[in-house]
Amino acid sequence: MQVVTAFLYRERANVPFNDVSGNFSLTLVDVLDTLVVLDDPPGFQDAVKNVIDWVSFDVNTKPQVFETTIRVLGGLLSGHIFANEPGQPFYLPWYRGQLLNMAYDLGKRLLPAFATPTGLPYARINLRHGVPRGESLDTCTAGAGSLILEFATLSRLTGDERFEKVAYKAYFALWNRRSDLDLVSNTINIWTGLWTPPEVTGIGAGIDSFYEYALKWYILSGEVEFLDVWQEGYAAVMRYVRSLDGHSYRIVNPHTGDRLYTTIDSLSAFWPGLQVLGGDVANAIKSHLIYWNIWRRHSGLPEVWDAHVMQATSFQYPLRPEFIESTWYLYRATRDTFYLDIGERVLRDITIRAKVDCGLTGIKDLRTNARDDRMESFVLSETLKYLYLLFDEENRLNSDDSHYVFSTEGHILSLPKQALRPMSAARRRLRREESLQCPAYHPFQGFVPNGVVDGLMRGVGSRPDVDYARELTGLRPQPLDEHYWSPDGWCFLPEVEPFTYNFIMSPGGGVVPEDLNPGYQKLQLVAEGFLLQNITGIRAHVVSRLDGKGYDITKLGPHSVRTGQLVYVNDTALLLPEDGFRIPQIPDVRLRIFLDSMDPMLPARPGMVELNADFHVTAHTATFGADVTMARRPKSLAFGRPEGVRIRRDTSNSLGCRPFDQDFAGDAAFVWRGDCTFLEKLIYARDAGASGIIVVNTDDTPINPSAGSNEVAAAGELHDVALALLSHTAGKNIAAMLDASGLFGYGNVLFSIDSDGWSGQPKAEGDKYGDQGDHTPHVLYINGHPLLNTRLLI
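Shown next as structure tokens:
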């Protein structure tokens with residue numbers, strides 16, 4: 117729509133306006149389910165009648181296949197779903213499937229676009245005459261690969277399988293041409309199937325909705341091959357496209373992962389929302405902060421932003437919805453009012469900058485607020501829809517836990533039960549046990565420099581990486597930002613582990629040739645996953661878990677390991693020392709925390725506090741230092757001996773990152789994580805005469821501290837000292853015990869290690885101080901990384 121000059125008719129010379137309109141009342145169709153979101157049944161009924169009466173696709177125009185599919189076909193299907201479903205406010209008793217018939221007519225007019233050797237569709241088609249002679253053979257990945265939602269839904273609702281088949285073939289024609297890094301390029305020749313140079317990849321324009329439709333079609337239909345594409349594609353993006361700080365996503369070479377460009381386009385702002393839908397809320401928060409700070413700089417989201425020079429290079433803002441969409445997803449996942457504040461700012465900026473008498477106009481230049489005489493249909497079908505949903509807590513869509521999805525144009529699609537296809541018995545046997553769960557979101561808790569949580573649940577605005585994300589965009593601090601600054605002057609420099617790794621395994625860590633086709637003697641399929649009898653030469657592809665607690669193996673040689681499956685490791689070579697490598701130790705041990713003496717009448721005295729004087733906690737061992745398990749511990753090691761070792765702390769050196777001023781004389785040092793490496797903490801404790809060191813983590817994530825072989829060699833003798841890492845919850849309670857011991861004279865706080873290292877006996881009620889006594893299985897570690905879907909049988 118031309119909302120400034122109020123022209124509603126088609127102008128032959130206005131090419132940009134005609135590009136997607138197609139002369140078929142685009143906005144009227146695109147807005148149908150927006151009236152559902154606005155809870156306007158009378159308006160919805162009128163709009164359906166108008167579409168039936170006035171819209172026809174027998175027109176001599178050549179619109180884009182992709183835009184016509186997502187805007188028009190999707191709008192018709194969504195309108196049909198609501199008009200046809202009894203028991204909800206938008207059911208129309210007089211409706212007889214007219215919108216579905218129109219969608220079917222449009223779908224048949226689009227089918228000739230798929231008549232290519234590769235199955236990839238032409239980018240444009242004439243709705244009356246088909247594909248014109250000499251039509252371009254180039255198309256983008258998103259344009260050819262983002263049709264499965266609408267086309268397959270049309271097939272499921274009409275019974276005509278042609279639409280789903282051509283969209284399925286086009287999608288996998290792209291995915292099967294991915295690089296060895298599991299990345300797809302941006303542009304492809306539909307006739308030859310060759311990627312068009314220069315080959316680039318990212319998450320923005322040209323590729324964006326390809327990933328989106330993999331996940332959403334799986335959610336809508338349950339077709340597991342699309343889940344596989346999503347998981348493999350997401351892991352590849354997070355490994356090669358994500359920046360080293362974890363906040364932004366680059367344009368890279370799909371074959372090498374090398375960075376090519378530093379630009380960020382506005383379409384890529386959909387990515388945080390897709391991450392939420394895929395269960396990765398933690399990374400969604402990080403990526404969303406970049407777009408938020410760009411918005412703050414410009415009171416809008418420029419079409420292209422150069423992260424290297426921290427400046428926009430294209431200042432248009434056609435009121436795109438992607439950033440608002442992601443804000444809505446994050447608010448629904450976190451319920452953090454930080455995102456409502458963002459929505460308020462967005463609404464205010466759009467109202468001030470874009471509102472005109474006939475609607476909302478795009479911004480031609482965010483610097484001058486020069487307006488563009490154009491309102492895209494997605495402003496009504498997406499931008500305002502997501503803004504409304506953000507603030508309408510009572511909207512039925514916000515509490516609908518069915519499998520509905522929003523298409524890339526914001527259309528609400530769902531399938532009736534009879535349209536869903538059960539997984540075949542053969543495929544179910546192939547996938548074995550599979551469990552799909554996302555980690556729950558936990559609000560941020562602040563902590564002071566000594567590592568102690570301050571007890572307050574805080575919003576996203578208080579996260580330590582918020583300032584860093586602002587600095588990445590060159591935005592000067594605002595008065596509101598100062599409210600969240602650390603009173604201790606702390607600044608946070610984020611650093612993330614790679615999202616994926618590839619290893620060729622060997623017992624001693626040496627270089628061995630890859631076994632490309634491991635036989636039954638090495639690798640077997642079992643009921644719950646795989647049994648690995650011999651790890652030598654097996655390539656393992658490992659991917660970070662969304663809960664941040666470790667990694668999972670997702671591929672073993674040529675086999676895919678599905679979510680929820682286990683890899684049992686039964687290779688006895690792992691127990692044999694080789695080339696100086698020591699026998700792997702048990703990754704977790706159980707500590708008994710107790711007092712050496714205590715007057716039983718002391719707690720009854722006035723002013724005394726109740727204290728649990730004997731309890732157990734789980735500790736995570738390090739891959740360096742002495743082996744603390746009782747069966748293999750050196751006789752000279754005092755750390756954790758059965759009679760108990762005193763726990764002491766140096767309050768002037770609470771992090772243990774400099775030489776201690778006191779002599780520990782065989783006691784164990786008690787410090788907090790931070791400021792230096794675990795190995796450095798152990799070295800300082802050893803040099804102060806300690807038998808070892810107990811480190812309290814900054815959260816409750818279980819990790820096993822590790823260090824490089826060169827660092828361990830440079831550290832000197834470590835066979836008589838050991839390190840144990842405690843969860844933050846357990847550490848706080850030991851710290852409270854030390855406080856009470858010093859203040860009330862309860863005696864010395866001691867600890868010992870259970871005689872078998874790990875008791876393995878779960879407690880029905882759990883320990884008072886946070887350990888639930890759950891048995892922690894022994895898992896395989898590669899280069900210090902725990903592979904949590906493995907189980908050691910040796």
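Last residue of the sequence shown: 910 (my numbering), numbering continuous. Idealized CB from N, CA, C, for every residue including glycine.
Short of 8 angstroms from the beta carbon of aspartate 581, and not among the five residues preceding or following it, lie these beta carbons of its own chain, in chain order: His363, Lys402, Leu405, Phe608, Pro610.
For the beta strand (DSSP E) assignment, the uninterrupted runs of no fewer than 3 residues enclosed by the segment 824-859 are, from N- to C-terminal side, 838-842.
In the three-state scheme derived from DSSP, where H, G and I count as helix and E and B as strand, threonine 177 is classed as coil. Leucine 193 and arginine 451 have their C-alpha atoms some 31 angstroms from each other. Sequence-distant Cβ neighbours of leucine 417 in its own chain, meaning closer than 7 angstroms and more than five residues away, are Ser382, Ala385, Tyr407, Ile410, Trp411, Tyr433, Arg436, Phe439. The criterion of a C-beta distance shorter than 9 angstroms is satisfied by serine 868 and arginine 757. Shown here, leucine 639 sits in a strand according to DSSP, grouped into three states. Counting the other Cβ atoms within 10 Å of the Cβ of threonine 234 gives 16 or more, which makes it buried. Across the set Val837, Ile241, Tyr220, the C-alpha of Ile241 shows the shortest separation from the C-alpha of phenylalanine 230. With fewer than 16 other Cβ atoms from the protein chains shown falling within 10 Å of its own Cβ, histidine 424 counts as exposed. Remark: C-beta atoms of phenylalanine 182 and lysine 332 do not approach each other more closely than 9 angstroms. The beta carbon of glycine 246 is closer than 6 angstroms to those of Pro228 in its chain, skipping five residues each way along the sequence. Shown here, proline 902 sits in a strand according to DSSP, grouped into three states. By the 16-neighbour rule on beta-carbons within 10 angstroms, phenylalanine 267 is buried.
When Cβ pairs closer than 8 angstroms are counted between the two stretches, the segment 537-547 is seen not to touch the segment 191-207, the count staying below three. Per DSSP, threonine 257 is one residue of the alpha helix (DSSP H) stretching across 257-261. Cβ atoms of threonine 524 and isoleucine 186 come within 8 angstroms of each other, at about 5 angstroms.
At a Cβ-Cβ threshold of 9 angstroms, leucine 866 and phenylalanine 731 do not count as neighbours. Taking the Cα positions, leucine 588 is about 11 angstroms away from glutamine 427. Taking 4 residues as the minimum length, the alpha helix (DSSP H) runs contained wholly in the segment 351-437 are 387-393, 397-414, in order along the chain. About 6 angstroms separates the Cβ atoms of glycine 322 and alanine 258, confirming a contact at the 8 angstroms cut-off. In this structure, leucine 253 lies near threonine 308, with their beta-carbon atoms less than 9 angstroms apart. For the pair alanine 643 and leucine 682, the Cα-to-Cα distance works out to about 9 angstroms. Between isoleucine 458 and arginine 469 the beta-carbon gap is near 16 angstroms, outside 8 angstroms, which marks them as no contact.
Between the alpha carbons of arginine 661 and aspartate 668 lies a distance of about 6 angstroms. Residue range 486-488 is occupied by the beta strand (DSSP E) that includes alanine 486.
Assigned with DSSP and collapsed to three states, glutamine 561 falls in strand. When the alpha-carbon of alanine 351 is set against those of Leu904, His657, Gly680, the nearest one is in His657. Under DSSP, serine 660 takes part in a beta bridge, and its partners are Tyr667. Contact annotation: the segment 793-802 touches the segment 733-746, with at least three C-beta pairs closer than 8 angstroms. The shortest CA-to-CA distance from aspartate 836 to any of Phe755, Ala781, Asp221, Pro209 is the one to Phe755. Under the 10 Å beta carbon count, tyrosine 327 is surrounded by 16 or more other beta carbons and is classified as buried. The closest CA to that of alanine 840, considering only Gly808, Asn826, Tyr584, is found on Gly808. Closest in alpha carbon position to glycine 526, among Asp396, Trp444, Arg789, is Trp444. Nearest to leucine 142 by C-alpha distance, out of Asp473, Ser493, Pro205, is Ser493. Serine 868: member of the beta strand (DSSP E) spanning 865-869, first to last residue.
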